[in-house]
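Residues 1339 to 1487 in our numbering are what the sequence shown spells out, letter by letter. Here a beta-carbon is modelled for each residue, glycine too, at the ideal position from N, C-alpha and C. A quick note: this is a predicted structure, and the numbers were derived from the prediction, not measured. Just below is one structure, and these are the notes that go with it.
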Amino acid sequence: MDRYIEFILNHYLLALALAVVTYLLIQEFFDTAFKKHASVSPLLAVAKMNDSSTVVIDVREPHEFVVKHIEGAMNISLGKLAEQLPNLEQHKKTTILIVCETGTRSASAAKVLAKAGFEQIFVITGGMQAWENDYKLPIKISSKNKAKP
């Protein structure tokens, strides 16, 4: 035991780094174990969208949404999601698909919705990049952004 204490005193930066990494790993484990949303691939998202009651929420900023988006998606930016919750109240029991550009903002939005009591929340993995580039699924492109021949 004395050798451990001596090591920690001599290498306090390494000991601190070990403590921080351990804390972050434990935090990630608990976040994953207790999250109330699931992740789905774009293909599974399309299958869920075939159900007419499914709601697609795009949490990108409006200027990103206007360029291209999933047909039928509603745009509520992540920063305004909390104040828009009363407008989404009717969808608490329906399937909700959340998408952003890469999938990072979607996870934050899913946590907000889960905390507000929404039950069926799914994050589209890879976001719009995976939707468009990896899976080549259709998107709605603004007429201003269409390529001119």
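Inter-residue spacing [alpha-carbon to alpha-carbon] between Ala1485 and Val1394: For Ala1485, the predicted structure reports a pLDDT of 49, less than 50, and the residue's modelled location is therefore unreliable. A value from the coordinates is still provided. Taking the straight line joining both Cα atoms gives about 26 Å.
Integer-rounded CB distance, given that Leu1423 should sit under 8 Å from Phe1460: The beta-carbon separation of Phe1460 and Leu1423, rounded to 18 Å, does not stay under the 8 Å limit for a contact.
Secondary structure of Val1437, DSSP reduced to three states: In the three-state reduction of the DSSP assignment, Val1437 falls in the strand class, which pools E and B.
In DSSP terms, what Ser1480 is bridged to: Beta-bridge pairing links Ser1480 to no other residue.
From Ser1415, Thr1392 and Ser1390, residue whose alpha carbon lies closest to that of Glu1402: When only C-alpha atoms are compared, the closest one is Ser1415.
Spatial distance of Pro1487 from Val1359 (CA atoms): The predicted model places Pro1487 with a pLDDT of 45, which falls under 50 and marks its position as unreliable, so this point remains unresolved.
Classification of Thr1463 by the beta-carbon crowding that lies within 10 angstroms, buried from 16 upward: Per the 10 Å Cβ criterion, buried.
Nonlocal neighbours in the same chain, by C-beta distance under 6 Å from Ile1346, ignoring five residues either side: Contacts found: Ala1353.
Residue nearest to Met1466 in terms of C-alpha spacing, selected from Asp1340, Glu1457 and Lys1478: Comparing Cα-Cα distances from Met1466 to each of Asp1340, Glu1457 and Lys1478, the minimum goes to Lys1478.
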